[in-house]
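If you use full-length UniProt numbering, the sequence shown corresponds to residues 1 to 748, in order.
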Amino acid sequence: MPEQEYTEEQEAEILQHVFFGKLDNLPNLASKIVRIFTSSTFTDTSMERNSLMQHTYPKLKEYCREKHGLEFQVVDMRWGVRDEATDDHKTTELCMQEIDNCQRVAVGPNFVVFLGQKYGYRPLPTKIEEDEFRMIISVSDKEDAKLLNQWYKLDSNNLPSLFCLQTVSSIFTNFTNRAHPRLMEEDQSQWWETMGKLNRAVRVAAFALLQQGRFTAQDNHRYNWSVTEQEVVRGILNAKDREDHTLAFFRHIENINVSLLRHSMKFIDIASKQVDMEAQHMLSDLRDVRVPATLPESSIIRYTVQWSDDDGLNKTVHADYLKDFIETFYRRIVELIDRGVRKQNAFSTNRVYTEILQQLHVVNNFSQDFQGRTDILERVRHYVQGSSKQPLVLWGEGGCGKSSMLAKIASESSSWFPSKQCTPIRLIRFLGTTPDSSSIGPLLRSVCQQLCFLYQVVDNTIPVELSQLINYFKRLLEKTPADKPLCIFFDSLDQISSADGAHSMSWLPPTLPNYVKLMVSTLPGIFNILNTLRNIIDSRENFIQIKPLGEELGKTVLKVRLYREHRTITDEQWALVHERLAECNSPLYVKLVFDEIKLWKSYTKTQEKDLAKTVSTSINKLLGRIENQHGHILVEHALSYITASRSGISEAELEDLISLDETVLNDVYQYHLPPIRRIPPLLWTRIRNDLPNYLVEREADGVSVVCWYHRQFAEVSHERYLANPDTRRKYHSQMADFFLGIWAGRPK
Numbered sequence: 001m002p003e004q005e006y007t008e009e010q011e012a013e014i015l016q017h018v019f020f021g022k023l024d025n026l027p028n029l030a031s032k033i034v035r036i037f038t039s040s041t042f043t044d045t046s047m048e049r050n051s052l053m054q055h056t057y058p059k060l061k062e063y064c065r066e067k068h069g070l071e072f073q074v075v076d077m078r079w080g081v082r083d084e085a086t087d088d089h090k091t092t093e094l095c096m097q098e099i100d101n102c103q104r105v106a107v108g109p110n111f112v113v114f115l116g117q118k119y120g121y122r123p124l125p126t127k128i129e130e131d132e133f134r135m136i137i138s139v140s141d142k143e144d145a146k147l148l149n150q151w152y153k154l155d156s157n158n159l160p161s162l163f164c165l166q167t168v169s170s171i172f173t174n175f176t177n178r179a180h181p182r183l184m185e186e187d188q189s190q191w192w193e194t195m196g197k198l199n200r201a202v203r204v205a206a207f208a209l210l211q212q213g214r215f216t217a218q219d220n221h222r223y224n225w226s227v228t229e230q231e232v233v234r235g236i237l238n239a240k241d242r243e244d245h246t247l248a249f250f251r252h253i254e255n256i257n258v259s260l261l262r263h264s265m266k267f268i269d270i271a272s273k274q275v276d277m278e279a280q281h282m283l284s285d286l287r288d289v290r291v292p293a294t295l296p297e298s299s300i301i302r303y304t305v306q307w308s309d310d311d312g313l314n315k316t317v318h319a320d321y322l323k324d325f326i327e328t329f330y331r332r333i334v335e336l337i338d339r340g341v342r343k344q345n346a347f348s349t350n351r352v353y354t355e356i357l358q359q360l361h362v363v364n365n366f367s368q369d370f371q372g373r374t375d376i377l378e379r380v381r382h383y384v385q386g387s388s389k390q391p392l393v394l395w396g397e398g399g400c401g402k403s404s405m406l407a408k409i410a411s412e413s414s415s416w417f418p419s420k421q422c423t424p425i426r427l428i429r430f431l432g433t434t435p436d437s438s439s440i441g442p443l444l445r446s447v448c449q450q451l452c453f454l455y456q457v458v459d460n461t462i463p464v465e466l467s468q469l470i471n472y473f474k475r476l477l478e479k480t481p482a483d484k485p486l487c488i489f490f491d492s493l494d495q496i497s498s499a500d501g502a503h504s505m506s507w508l509p510p511t512l513p514n515y516v517k518l519m520v521s522t523l524p525g526i527f528n529i530l531n532t533l534r535n536i537i538d539s540r541e542n543f544i545q546i547k548p549l550g551e552e553l554g555k556t557v558l559k560v561r562l563y564r565e566h567r568t569i570t571d572e573q574w575a576l577v578h579e580r581l582a583e584c585n586s587p588l589y590v591k592l593v594f595d596e597i598k599l600w601k602s603y604t605k606t607q608e609k610d611l612a613k614t615v616s617t618s619i620n621k622l623l624g625r626i627e628n629q630h631g632h633i634l635v636e637h638a639l640s641y642i643t644a645s646r647s648g649i650s651e652a653e654l655e656d657l658i659s660l661d662e663t664v665l666n667d668v669y670q671y672h673l674p675p676i677r678r679i680p681p682l683l684w685t686r687i688r689n690d691l692p693n694y695l696v697e698r699e700a701d702g703v704s705v706v707c708w709y710h711r712q713f714a715e716v717s718h719e720r721y722l723a724n725p726d727t728r729r730k731y732h733s734q735m736a737d738f739f740l741g742i743w744a745g746r747p748k
């Protein structure tokens, strides 16, 4: 995440910008996470990585929590990568996505590379641009061309068109068939042989194109480089502010005994029982030339160790080296964390600033795909510019687009005050999306703090007792001056906790002072909120029903979203989408349809069953896909705990609960058994990333917890995972044991 040091004057400007509810040029949210991507080849650094996992990462986790209140995560892609990721060749792409995630969300260090004498696995390209693939075919011999055309298919749904490597199981059908281990083994062995042939074919073709002058050296290199080099290019060579975010550890083993192949092949690239000189040359160029040219010497830590004929490297013979390595790693990472925290702006720890900024980011997120509905926008504009002294209510069924509508209204509202003499203020809360917007006390307190800043009232006078706080809030509204008209937006009144009589709506002013407009949204039926509002607000004009999008608008929204992702779909695929949109076209359904169709290739034969007809069947399909991608057992258990918990569960608790679950652990560690049997935090992070805007963070009992945002998701998950009373009891019992501390400090 880019950081910048601000002057006091700039900080005052940023504070003003955010508290006034301005939506352009928003600062990034201060990170609460230290997330480090560790890059290395698999076999030659297992001793170091295991030691870090055992000794250093727990210490860093504790340091971050105690010293800075930050969460510490390590992304080690050699942990828990599933067969499914190998089947659809997602491993390299996952690595790149994770590096981007670390750079985007982490404070301080985000990338550490360990380079020894092994260049490592050189993968097949999974996507090749159409023109480039046709050039490759044009210089390939008949056999190679046939093989390449069998394994790569043109996807013209991508803009521009790409040839995509097919899933292994689409041709070797038993590749992931665990029910028949012998057949699976045969297909896996056939795939490794085929992959070798495909790799040779593209490399021979790329070199021929280089010689003909049709490929640059860089084009040719892309068909030869290793995953580790791709990671280093992304994580260091192309990164910003490398000094503040990255470290490189170089280890040289003297006197490697190449003849002891069983050991030496773990530490150096071997081809035909000899050192692979091509791989060594590429490694040397990366390690000895390009990284030192980019990274200051102070960010590179070098070690030289002696080869041991027993097993190359081991913890006993190399104990001194290992001790120095893990101590140095700890010290250097702590330095980068401390520096990163210092660079965050001074008010990033200001709770109200953080709350407002989060809410403004939610507005931009919800309004970016908004299309149409001009009739409703026009009615709301008349309300804002008119003389009504009562709140305005938007209401509609779950998933009909109330939040997007309110976000769009908020983003447009400042243009509805034409006078140059006034500075309109937007005060926005999407209820239930953050800890401070989930129950009435914290909500009103943070709203009053924002108003105190805006109207220059000392905020230490804000009462604690709720009835006094409600009166204080209403009195503050009366201070709104003509030159700072105030628009308040409270989305999803039904998402606020019912504690303290919040659903009675007694805290909502039925009559508004001059220069104040208040807009709210709610579901009908839930907690009787809509009827309560109808009793408080006399004017029927102030109630606007939000209906589904309609077929045409649904299609427009899908086209806009696809275009933004550089995707489209075929006419035949659109025909099925139209059929579905004619039956159901709520914004939530349209979003779920988008999540499905953005994955369709032009060669995907669409059938009726490929697109669910309702919101609930679409949610089931989405959950099924996430289970296939991340592991049925892990996803089922994680989402069961979230669904079973009454008011949500913290991510740390969730991680602990699934780490106590032997069924999950046995499924996760298919490839690499780490020294500590725990769930890598990253696995949950990936699941959460695949459910954007469907899971939210709220506050429960003073702790930030994760829970479902849409009621439909909670209902479908309950039916999918917890319908069986025995299963439900099992999860509740495991949670009860955990919260009673039965496993605290004891190995399970």
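Where is the CB? At the ideal position from N, CA and C, for every residue including glycine.
Being a predicted model, the structure only gives us computed values, none of them experimental.
From residue i to residue j, what distance separates their C-alpha atoms?
| i | j | result |
| --- | --- | --- |
| P58 | I642 | 25 Å |
| P2 | E8 | Only weak support is given to the placement of P2: the predicted model assigns it a pLDDT of 43, under 50, and the question is left unresolved by the model. |
| F175 | C164 | 19 Å |
| R332 | S299 | 9 Å |
| I425 | I409 | 13 Å |
| A575 | L623 | 25 Å |
| I36 | V75 | 6 Å |
| N255 | H263 | 13 Å |
| L15 | T480 | 19 Å |
| S367 | S170 | 39 Å |
| E229 | D44 | 15 Å |
| Q365 | S411 | A small fix is needed here, since residue 365 is Asn in this sequence, not Gln. Rounded to the nearest angstrom, the two C-alpha atoms are 11 Å apart. |
| A502 | S439 | 8 Å |
| T685 | V352 | 26 Å |
| E697 | Q117 | 44 Å |
| I462 | Q456 | 13 Å |
Note the first and the last residue of the continuous alpha helix (DSSP H) segment covering residue i.
| i | result |
| --- | --- |
| C164 | C164 -> not in any alpha helix (DSSP H); beta strand (DSSP E) instead, spanning L162 to L165. |
| I633 | H632 to A644 |
| H578 | D571 to E583 |
| R711 | R711 to Y721 |
Kindly say whether residue i, judged by its beta-carbon, lies nearer than 9 Å to any beta-carbon of chain B.
| i | result |
| --- | --- |
| Q73 | Checking the listed chains, one finds no chain B in this structure; it contains a single protein chain. |
Do residue j and residue i count as a contact pair if the criterion is CB distance below 9 Å?
| i | j | result |
| --- | --- | --- |
| L406 | F489 | yes |
| residue 751 | L444 | Look at the range of the chain in this structure, 1 to 748, and you will see that residue 751 is not part of it. |
| V112 | T304 | no |
| S394 | S586 | Before going on, a small fix: residue 394 reads as Leu here, not Ser. Cβ distance not < 9 Å, so L394 and S586 don't count as in contact. |
| E48 | F114 | yes |
| I536 | L508 | yes |
| M519 | P391 | yes |
| L322 | S51 | yes |
| K90 | T126 | yes |
| V591 | N514 | The residue asked about is misnamed: residue 591 is Lys in this sequence, not Val. Against a cut-off of 9 Å, the Cβ pair of N514 and K591 comes out as no contact. |
| H732 | I687 | no |
| T433 | Q359 | yes |
| R567 | K598 | yes |
| I128 | L159 | no |
Can you name the start and end residues of the beta strand (DSSP E) that residue i belongs to?
| i | result |
| --- | --- |
| F527 | No beta strand (DSSP E) holds F527; DSSP gives it neither H nor E. |
| I36 | I33 to S39 |
Please report the Cβ distance between residue i and residue j, rounded to the nearest whole angstrom; I am assuming they are in contact, meaning their Cβ atoms lie under 8 Å.
| i | j | result |
| --- | --- | --- |
| G396 | Q545 | 6 Å |
| L581 | E596 | Wrong, their Cβ atoms sit about 13 Å apart, outside the cutoff. |
| V593 | V577 | 7 Å |
| G398 | H632 | Going by Cβ atoms, the distance from G398 to H632 rounds to 27 Å, so no, they are not a contact pair. |
| G108 | G340 | 3 Å |
| F191 | V168 | Reading the sequence as shown, one finds Trp at residue 191 and not Phe. So it is a contact: roughly 5 Å between Cβ atoms. |
| R287 | F250 | 6 Å |
| V716 | S647 | That pair is no contact at about 19 Å. |
| V202 | I136 | 6 Å |
| F430 | S403 | 6 Å |
| Q712 | V635 | The pair is not a contact, with the Cβ atoms about 18 Å apart (cut-off 8 Å). |
Checklist entry - At what residue ranges does the stretch 42-101 contain a whole run of the alpha helix (DSSP H), taking only runs of 4 or more? => result 46-51, 57-63 and 83-87
Checklist entry - What are the uninterrupted segments assigned as alpha helix (DSSP H) that are 4 or more residues long and contained completely in the stretch 222-268, given in chain order? => result 227-232, 242-245 and 261-267
Checklist entry - Whole beta strand (DSSP E) runs in the UniProt domain "NACHT" (390-525) with 3 or more residues, listed along the chain? => result 392-395, 425-430, 486-491 and 516-522
Item to check | Length-filtered (3 minimum) beta strand (DSSP E) runs lying within the stretch 586-631 | outcome: none
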